[in-house]
Structures are given as C-alpha cells and as structure tokens.
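Take the sequence shown: its position 35, counting from 1, is numbered 50 in our numbering, and each next residue is one higher. We put the beta carbon where it would ideally sit given N, CA and C, even for glycine. Only one structure is covered here, and it is reproduced in the block below.
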Amino acid sequence: MIPGGGQPNMQQLLQQAQKMQQDLAVAQEELARTEVEGQAGGGLVKATVTGSGELRALVIDPSAVDPEDTETLADLVVAAVQAANENAQQLQQQKLGPLAQGLGGGGMPGLPF
C-alpha cells in the first residue's frame, strides 16, 4: 500500500525495475571478469575461477605429482576447485546480494542465495 491511499506510479516502478535490471547485468559482467583463487595442500594445487564460477586456471606444484598416488592429487585438485568456487560464491553475494534484496529480498532464481 502507498501511504495516503494513492496508487503506485507504474511508470516510476517500471523505470526502477529497468535500472535494477541494468545494475544486475553490470554486476554479472563484472563477476565474469573478476578472478578468485582457491588452493589445497598448503598451496600445492591452486585453482582460479571467475566470479561466475568458470574455471580459468589450475596450477599444480610438481612436488604434488606422485605417479604412485594419483588419487591424492585428484583430491587436491577437487579441493582447490571447490575452495575457488566458494570464494566465487562469496563474491557473488557481495556483488549481487544488495541487488537481490532490492528485487524483493528473497534472492533470485538461479543464484545461490
């Protein structure tokens, strides 16, 4: 309800919605360009992902490579990628959280918050 019993200005509401949509698109583009890192094994394996979760780089320290134990290396790779993705999700919440609250506060479909 609008105080005083007036009707909402539909043109103003549409303009606000368009601005929020533009702000969201800008934030998503920024996330796609921003890279975050995750690591495992004390830095033996480092994964770099974009803020939108795209894996961009994987660096494996040669001392982590043991031909007799590829299972541990695989676990380190998975852990590093998971850590990088967690960092990307935190970045998403920082960038998109305020916009999602402006759109109703309950989060937005397809976003992890």
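C-beta contact flag for residue 61 and residue 69 at 8 Å = Mapped onto the sequence shown, residue 61 falls at position 46. Mapped onto the sequence shown, residue 69 falls at position 54. No. Outside cutoff.
Are residue 63 and residue 72 close, meaning C-beta to C-beta below 8 Å?
-> Reading the sequence shown from its first residue, position 48 is the one you call residue 63. Reading the sequence shown from its first residue, position 57 is the one you call residue 72. Yes, the Cβ-Cβ distance between residue 63 and residue 72 is below 8 Å.
For the candidate residues 42, 37 and 88, whose alpha-carbon lies nearest to that of residue 110?
-> Along the sequence shown, one-based indexing puts residue 110 at 95. It is 42.
On a CA-only basis, which of 83, 113 and 67 is nearest residue 50? Give me that one, please.
-> For the purposes of this step, residue 50 is taken as the residue at position 35 of the sequence shown. Taking only the C-alpha atoms, the option nearest residue 50 is 67.
Less than 8 Å between the CB atoms is what I'm expecting for residue 47 and residue 98, so what's the real figure, rounded?
-> Position 32 of the sequence shown, counting from 1, holds the residue named residue 47. Position 83 of the sequence shown, counting from 1, holds the residue named residue 98. Incorrect: roughly 20 Å between the Cβ atoms, too far for contact.
With DSSP as the reference, label residue 50 as helix, strand or coil.
-> Position 35 of the sequence shown, counting from 1, holds the residue named residue 50. Residue 50 falls in the strand class under three-state DSSP.
Extent of the continuous beta strand (DSSP E) to which residue 79 belongs | Start at 1 with the first residue of the sequence shown, and residue 79 comes out as number 64. From DSSP, residue 79 is part of no beta strand (DSSP E); its letter is neither H nor E.
Inter-residue spacing [alpha-carbon to alpha-carbon] between residue 91 and residue 44 = For the purposes of this step, residue 91 is taken as the residue at position 76 of the sequence shown. For the purposes of this step, residue 44 is taken as the residue at position 29 of the sequence shown. Rounded to the nearest angstrom, the two C-alpha atoms are 30 Å apart.
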